[in-house]
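If you count the sequence shown from 1, position 115 lands on 115 in this note's numbering, and the numbers rise without skipping.
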Amino acid sequence: MEHIGTGAIGRVYRAHAAHIDGDLAFKFVPIENLPSYQPDQDDYLEEARKANVLENQCVVPYLDVLSWEDPVLGREFVVFIRQYVWGLSLAQFIRANRGNVELRFIEQFLSAMFGLLFELEQRGIVHGDIHADNVLVTRSRYNLRGDVQFRVTDFKPTGHEQPSDYVAIALVLKRLLECVRYEEQELRDRYVFEILRNDFLGRHLVESDPTADDRALNPRRLQSKLDSVDEMFAVASASRGPEAAVRSVRR
Ligand SMILES: Nc1ncnc2c1ncn2[C@@H]1O[C@H](COP(=O)(O)OP(=O)(O)O)[C@@H](O)[C@H]1O
Ligand SMILES: [Mg+2]
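Below, the structure written as structure tokens:
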């Protein structure tokens, strides 16, 4: 077993199950650290249940949740067993790539989050703790297009959630934008940077009143705007040139 991470409430280890050629992540949480733990109740399973009902490819599946007592210390643990994801957490990725994050990467992150938010909204589920340590970044060398993939884990049980997944995503977006070297970007990427900072971070993701902003809390509309940034840049550039197009969205 290899120690791979320590989160807010537990320690995570990677283990290789040789008989099935599988890599598993084991999160050991002392029961006193589980916010929803009560004897004879299984509310703490909800973290796994939430993840397992979701079909979105981002969500890391849980294979089992077990009780375990440390034979030496006699301490009681709950062990969450998940599929292991090869790669880095987004927090580790950010630390390793300050000043080097590309706009395409941020667009792919948002697109993955909007896809997840769409299913969450349809099912009436809240993740409740989206932040850079709970998002994993993985890039398979067998992926034909070489795209990065984002995987989300560590759902919070009902009643213990942070209120808004949208605001949580806005905070991650802010950190990612701080890792972009604006002056080194081509004009298309500067244009997209301005749209992400002024429109998505400044309004769409932090507004909770859909009558004030019709993209607020609306993953479909958020995705559709993200999909149209190239077209918006092309249209603005055609009428006044690319530099003026960037200036027109800068605030
Ligand atoms: N399935 C996994 N595959 C790879 N790394 C993981 C996996 N699950 C968690 N980790 C790593 O372990 C850290 C802690 O896991 P997490 O579930 O967030 O614990 P906590 O509930 O204590 O916050 C994560 O930030 C991540 O770096
Ligand atoms: Mg965590």
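Where a beta carbon is used, it is the ideal one built from N, C-alpha and C, also for glycine. All values reported here derive from a predicted model rather than from experimental measurement.
Asn33 is a Cβ neighbour of Ile9, given a cutoff of 8 Å. Residues whose Cβ lies closer than 6 Å to any heavy atom of ligand 2, listed in chain order: Gly7, Ala8, Asp133, Asn134, Asp154.
Arg215 carries a coil assignment under DSSP once its states are collapsed to helix, strand and coil. Around Ala17, the same chain offers Leu24 as residues with beta carbons nearer than 7 Å, after the five sequence neighbours per side are excluded.
Closest in alpha carbon position to Tyr191, among Ala244, Ser164, Val101, Pro39, is Ala244.
Straight across, the Cα-Cα distance linking Arg98 with Cys179 is about 5 Å. Only residues of its own chain outside the window of five on either side were considered, and among them Ala245, Ser248 have a CB closer than 7 Å to the CB of Ala236, listed in chain order.
In the DSSP assignment, Arg11 falls within the beta strand (DSSP E) that extends over 11-17.
Non-local C-beta neighbours of Gly87 in its own chain, meaning closer than 6 Å and more than five positions away in sequence, comprise Leu136, Val137, Thr138, ordered along the chain.
Contact between Asp43 and Pro157 holds, since their C-beta atoms are separated by about 6 Å, short of 8 Å. Cβ contact annotation for Met1 (same chain, cutoff 6 Å, sequence separation greater than five): Tyr13, Ala15, in chain order. A residue is called buried when at least 16 other Cβ atoms come within 10 angstroms of its Cβ; Asn134 meets this threshold and is buried.
Gln38 and Asn100 have their C-alpha atoms some 45 Å from each other.
Taking 8 Å as the cut-off, the beta carbon of Arg151 is found no closer than this to the beta carbon of Leu177.
Judged by DSSP secondary structure, Gly22 falls outside any alpha helix (DSSP H) and instead within the beta strand (DSSP E) spanning 22-30.
In this structure, Val148 sits away from Val206, with a CB-CB distance that is not shorter than 8 Å. Three or more beta-carbon pairs separated by less than 8 Å are not found between the segment 88-97 and the segment 110-123, which leaves the two stretches without contact. The DSSP-derived three-state label of Val249 is helix. Counted as a single uninterrupted DSSP element, the alpha helix (DSSP H) harbouring Asp165 occupies residues 165-177. Taking the C-beta atoms as reference points, Gln41 is found no nearer than 8 Å to Pro61. Thr138 is bridged by DSSP to Gln149.
Taking the CA atoms as reference points, Pro35 sits about 7 Å from His160.
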